[in-house]
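Read the structure below first, then the notes.
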Amino acid sequence: MAVAVERTLSLVDAVGEAMRQAMEADPSVIVMGEDVVGGAGRGGEKENTMGGSFGATKSLYPLFGANRVRDTPISEAGFVGAGVGAAAAGLRPVVDVMWADFTGLAFDQIYNQASKMSYMFGGQARLPLTLRVAMGSGLSAAAQHSGTLYAIYTHLPGIKVVVPSTPYDAKGLLLESIFDDAPVMFFEHLKLYVAKGVVPEEPYRIPLGVAEVRRAGSDVTIVGIAAMVGRALEAAELLAQAGTSAEVIDPRTLSPLDLETLVASVAKTGTMVVVDESPPRCSVASEIAAVVTENAFDFLNAPVRRVTAPDAPVPFTPSLEEVYAPTVAAIVDAVNTLA
Amino acid sequence: MAVAVERTLSLVDAVGEAMRQAMEADPSVIVMGEDVVGGAGRGGEKENTMGGSFGATKSLYPLFGANRVRDTPISEAGFVGAGVGAAAAGLRPVVDVMWADFTGLAFDQIYNQASKMSYMFGGQARLPLTLRVAMGSGLSAAAQHSGTLYAIYTHLPGIKVVVPSTPYDAKGLLLESIFDDAPVMFFEHLKLYVAKGVVPEEPYRIPLGVAEVRRAGSDVTIVGIAAMVGRALEAAELLAQAGTSAEVIDPRTLSPLDLETLVASVAKTGTMVVVDESPPRCSVASEIAAVVTENAFDFLNAPVRRVTAPDAPVPFTPSLEEVYAPTVAAIVDAVNTLA
Amino acid sequence: MRETQVVTEIERDTVLGLFRTMLTIRLFEQRVAKEFRTGEIPGFVHMYIGEEAVAAGVCANLDDADYITSTHRGHGHCIAKGCDLRAMMAEIYGREDGLCKGRGGSMHIADFSRGMLGANAIVGGGIALATGAGLASQVRGGDHVAVAFFGDGAANQGVLHESLNLAAIWKLPVLYVCENNGFAESTPASYATSVPDVASRALAYGIPGVVADGADVRDVYSAARAAVERARAGEGPTLLEVKTYRFRGHFEGDPDRYRDDDERRLTRGNDALERLRAALLDAGVPERELEAMRTELEAAVSDAVEFARSSPFPDPADVGRFVYPEPLERVEA
Amino acid sequence: MRETQVVTEIERDTVLGLFRTMLTIRLFEQRVAKEFRTGEIPGFVHMYIGEEAVAAGVCANLDDADYITSTHRGHGHCIAKGCDLRAMMAEIYGREDGLCKGRGGSMHIADFSRGMLGANAIVGGGIALATGAGLASQVRGGDHVAVAFFGDGAANQGVLHESLNLAAIWKLPVLYVCENNGFAESTPASYATSVPDVASRALAYGIPGVVADGADVRDVYSAARAAVERARAGEGPTLLEVKTYRFRGHFEGDPDRYRDDDERRLTRGNDALERLRAALLDAGVPERELEAMRTELEAAVSDAVEFARSSPFPDPADVGRFVYPEPLERVEA
Ligand SMILES: Cc1ncc(C[n+]2csc(CCOP(=O)(O)OP(=O)(O)O)c2C)c(N)n1
Ligand SMILES: Cc1ncc(C[n+]2csc(CCOP(=O)(O)OP(=O)(O)O)c2C)c(N)n1
Ligand SMILES: [Mg+2]
Ligand SMILES: [Mg+2]
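Protein chains in written order, with this note's numbering: chain S, 989 to 1327; chain H, 989 to 1327; chain G, 823 to 1155; chain W, 823 to 1155.
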């Protein structure tokens, strides 16, 4: 009996493979950002020595060269804006902005230009731009290298927001994002970069707006975002031991949001906890709580509980950072208060 | 019998008076922004010919001169960042960024610097910075001159968010904002600039985080933000004629948010509609819906209804713009679906 | 490096073309200003009257596959890049037959089919976009160029610095055209800008910086031609500053009190359109030819207004449409 | 405009002071690098080793009422501006007795009592802040100055353009110090920056642009002194570029493969600290004096590490504290 050996990849490599396959498939796909090559212009062994802050792009430069893989100066507004312009002119740029927090420097280009262009120009603009950013707490990288910001991009009409939690999803969602004609913010959680998961070698796409039920359950629905999916699953395991059956849902994309799957789950379980490592106000947790309540009020036995970071920037010191993002214990507690 | 004649002022003049009185009271208060004077450096009759896009600052330059009232180049990141630095160094700058949409260019300065400074530096930074912006639809100013963005700033820990709906509040809240040691985003709705209201001449302050019940009622709570307070009141009037008693609440500040007043109202009415002219996702409407539901679930007879703008940028043409912000009819409808 | 051209037989067509473009802009703008006063045009309009030589002189060197990005004062750029007057006017009126189906209005006219990537109401907003369009051209290996038009006020936005540096190190085929009309709203360039010539900032990027006279369209044309040729040849970007003149207020309705009547009179003395007309007559172009052109263009503008006024307003039910690009089938249908 | 100074009797104290500052930074940094490898220091650290002359030479011209803003590579600036080594080290260790109570860490050390407005993990993040601090000084009418330190990579951020223009038109008392160590992470300045000297960008703002030799602290000191005097006199900003040398990787742990061993050797040949030591010995300063200083400073650094390690971690219950400034009573209590 032949045993199919399934290939595993880390999320960072899955993302790298998606970029490579997109570039192979379509010459209009380019990649740019700070240090996406490394040692730019140095030649020989000194060139291609970075591949981005986490190595995601390291396979690209040798294959596609300096015309399609470009290191940029530290000019986030300028090169993100150039990405918007290049997309408007027909390329499919994948722009690495390193950390989500740095999108602050390019926010005008994303908000005033990219997000509004299709609408403002009456539908004539197609803007196949993908912005990749790392996000999240957990590395003691402190307040300016840890923010999530996906709530802000979810607030903006015209932008799609993707938050993969597994290597498999990261590859399929990034390929889909690159070939989507709308601007996409693609968030890669720092703490998920290294762990491996099964990732098929051939290109495949996962549609945006389709949630994944990570664990089926009947007593409570736990929604986790990005790294919080893992914590939700851990909490579900503990809850199971205590006799509570939790369903864990990973929305995978926040914009569009798969409301149907969320409502269907709550129709079954009657309670919901949303786990989001962002500050609470106007968060995705609040959005999910509001929209699910609006659409499933009669099924709910208790208010949707939000388990979020505190209303604070991300602290540097481990003693505070450890309690910043929702802990497994906090999720379990929240579920227990619903009962 | 002596009749006290109450003075009335427009919101734009109330805001101007607050700045003037703050500058009189404290030499560390300065005002800067594009065209806050007008005709800078031209001298004589040609100088002080703007006073900002809406004339709010026109009384200041003659009184306080070029050292404390400064026209800036068109460099939003640079002059907002300079405002942050000046605040860190002990001034109380009031920076006019013209339109909320333009804060996109200064978003890094607001988010990565101003909002995080107090926390990141362990509480040693005091940052008495006030950013004034005009916002809102209604002038056919199109997608880049109409956004609200207050949801985004409400998401950010470390920033306070003020959304006055009357000239009286605008003056008292702006004085409070200027003398608050945290950075404050002060949103002035374009459609509220002109209408007059009673405004006492002497300086007074309204604390941040205290909502105002604009109309008492018993059947439903309607929360309105900025220009939507007026529409909520109109809707309440129509509802009253049809026999429904609506309570209308103006939160006045979104960060901090006066949750107590909201919960107390819903405890009485059992239902709530939140009216917000922003796009729906991760909006203040969602936040209020989520947090009120969490804290008043047992009082609620129906889910909190959000009446918001569509998930779209602001359109130019009047035929679309008229239906963009929630209409009085939409508010009435929402209330009726709750019954 | 370049000389002001004289009107010779050989370039008669080019110069007449420039005149035609400038006159079209002038007549279009005058009509917009007039109709704006009736209240039928929503929002704000910013007139390009007096600055026609910039758009005309630059865009005469471009074709449909070249890109431009524009500003809040963008009607002139649209016309010079070949946008349809009817569809432009309908846009300004907020109608369904507008270039942006009425969603954008005066400050957001775009026509991607002509390489016109949009007027922009964010001051400096088009600068990075044009840089990206130039990048797209370079990546594809074509010889198409991109032009960013922006004002003296916009020249103080950081994105100009970032874009000039990026274009310089990548030798992007981009022309940065600063329309220096001396004012940003009420703020004089002499107050807000630390150097007299924006073009001198090219020194900071090791690229050519050129000043052209916006009162002389042939000067603008020649300067732009040199820069466009340079860009097409792969030699990189140029910063071209055109000293130009805003005849009207910042927007229609601006009381314009930061200038006095004398200044306005002086400004209007630098009318590139009048000067070119005089030069054409001097060079023997028959006056009736120019008058016939005016008559024809006036009719075209009137026709555009008629068209706009008879176009329907967008259906309120469509307020949520076009937020994301529609599936291609539907767009092409 | 200035001359490299020789070590004369009269400035012996100044030069010894510079040496002391540089040596403190060197020893502090070497110790941080060493302790970082033990895993006890959280997060990332970026070493200033090799660049000491910049912070030392510039800050020797400042006092506590002058302001500086710093970068991710900020330990040297802190030390040169007079921050307490214990409280700095405790911050780097994430402890409650740190300058920022452990909330900030290496990339966010600040000490407002010393005019040190913060290290900054946003590249270019301190540039506008220093501009604002200079504005505060100007508004108040004092003669205090503000200094923005930033790297060659940061020099391509638009905010530099905006800030230089603003400081130029308002004649703000600000010194913009570009620490050009040739690299931004792995990206060479020769690739990313369109001109060889960042200082030449001063031309675009009509302000002085000066290049100093970071291997010679006296050159840095003199150049900074001239610029600081100019600023105090109300004559406006200066852009000072110091060519300097990063001896270690971008951050501790960086494999630094974009440079080879020869390059690193060459880089280390430009050691301002070694050169100054040699010059001091040449000038007759007794070696034992320098050795005594080293012993003393090593002890101070060790003491700082001890202090840091014995300081408690912040209480998890306080995770939500300090988001907004606390009422003044509580802060003062
Ligand atoms: C980012 C931004 N800041 C401010 C404004 C408001 N505004 C509109 S036009 C203008 C002046 C622009 O001056 P300039 O670039 O010289 O162009 P001109 O109007 O003279 O053609 C200003 C400040 C804006 N639209 N966008
Ligand atoms: C806005 C922003 N973009 C990118 C980064 C990532 N980053 C950190 S340091 C650095 C290089 C900075 O180079 P330079 O300014 O020359 O300073 P140096 O490290 O050489 O001292 C980069 C790209 C960042 N922290 N902030
Ligand atoms: Mg201008
Ligand atoms: Mg560097």
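Glycine residues also receive a C-beta, built at the ideal position from the N, C-alpha and C atoms.
Please read these numbers as outputs of a predicted model, since none were measured by experiment.
Relative to the non-hydrogen atoms of ligand 3, the Cβ of Gly-975(G) comes within a distance shorter than 7 Å of at least one. Per DSSP, the beta bridge partners of Ser-998(H) are Lys-1184(H). Not one heavy atom of ligand 3 lies closer than 7 Å to the C-beta of Phe-971(G). Counted as a single uninterrupted DSSP element, the beta strand (DSSP E) harbouring Val-1019(H) occupies residues 1017-1021. Listed along the chain, the chain S residues whose CB falls inside 9 Å of the CB of Asp-1157(H) amount to none; the nearest CB is some 21 Å away.
Taking 7 Å as the cut-off, the C-beta of Ala-1006(G) counts as close to a heavy atom of ligand 3. Ranking Ala-1105(G), Gly-927(G), Ala-877(G) and Ala-878(G) by CA distance to the CA of Gly-865(G) puts Gly-927(G) first. Inter-residue distance for His-930(W) and Arg-1047(G) is about 50 Å (C-alpha atoms, whole angstroms).
Using a Cβ-Cβ distance cut-off of 8 Å, the segment 895-906 of chain G and the segment 981-991 of chain G are not in contact, since fewer than three pairs of beta carbons, one from each stretch, lie closer than that value. The three-state secondary structure of Ala-882(G), taken from DSSP, is coil. DSSP, read as helix, strand or coil, puts Val-1263(S) in strand.
Assigned with DSSP and collapsed to three states, Lys-993(G) falls in coil, not helix or strand. Taking 8 Å as the CB threshold, Lys-1034(H) lines the interface with chain G. Leu-1093(S) is not a Cβ neighbour of Met-1105(S), given a cutoff of 8 Å. Residue pairing for Asn-1289(H): DSSP places it in no beta bridge.
Between Asp-1104(G) and Glu-1063(G), the C-beta spacing is not below 8 Å. Taking the CA atoms as reference points, Ala-1065(H) sits about 27 Å from Ala-932(G). Secondary structure at Met-844(W): helix, using DSSP grouped into helix, strand and coil. Between the segment 1036-1044 of chain G and the segment 1088-1104 of chain G, the count of Cβ pairs shorter than 8 Å is three or higher; the stretches touch.
Ranked by how close their Cα comes to the Cα of Ile-1147(S), the residues Thr-1325(H), Phe-1285(H) and Asp-1299(H) have Asp-1299(H) in first place. What Asn-883(W) touches in chain H, judged by beta-carbon distance under 7 Å, is nothing: the nearest beta carbon there is about 18 Å away.
Sixteen is the threshold: since fewer than 16 other Cβ atoms of the shown chains lie within 10 Å of the Cβ of Pro-1134(W), the residue is exposed. Taking CB atoms only, Leu-957(G) has no neighbour in chain W less than 8 Å away.
At a C-beta separation below 8 Å, Ser-1106(H) has these neighbours in chain W: Phe-1144, Val-1145, Tyr-1146 and Pro-1147.
Distance check between Val-1000(S) and each of Ser-1274(S), Pro-1314(S), Pro-1195(S) and Tyr-1156(S) places Tyr-1156(S) closest, using alpha-carbon atoms only. Boundaries for Ala-1074(S): no beta strand (DSSP E) harbours it, while the alpha helix (DSSP H) harbouring it runs 1064-1076, taken from the DSSP string. With a threshold of 7 Å, the Cβ atom of Leu-988(G) does not count as near ligand 2, since no heavy atom of the ligand is closer than that.
Neighbourhood of Phe-934(W) in chain H, by CB distance below 8 Å: Ala-1076, Phe-1109, Gln-1112 and Ala-1113, in chain order. Only exposed fits Thr-860(G), as fewer than 16 other CB atoms lie within 10 angstroms of its CB. The alpha-carbon separation between Ala-1113(S) and Val-867(G) amounts to approximately 23 Å. The continuous stretches of beta strand (DSSP E) do not include Pro-1155(H), which lies in the alpha helix (DSSP H) extending over residues 1155-1167. With 16 or more other CB atoms across the displayed protein chains lying within 10 angstroms of its CB, Ala-1002(H) is buried. Around Val-1311(S), the beta-carbon contacts reaching into chain W at under 8 Å are Pro-1138 and Val-1141. For a cut-off of 8 Å, the C-beta gap from Val-1316(H) to Leu-1227(H) is around 10 Å, too long to register as a contact.
Excluding five sequence positions before and after Glu-1007(G), the CB atoms of its chain that fall closer than 7 Å to its own CB belong to His-1072, given in chain order. Fewer than three beta-carbon pairs drawn from the segment 974-984 of chain G and the segment 952-961 of chain W are found closer than 8 Å, and the two stretches are therefore not classed as touching.
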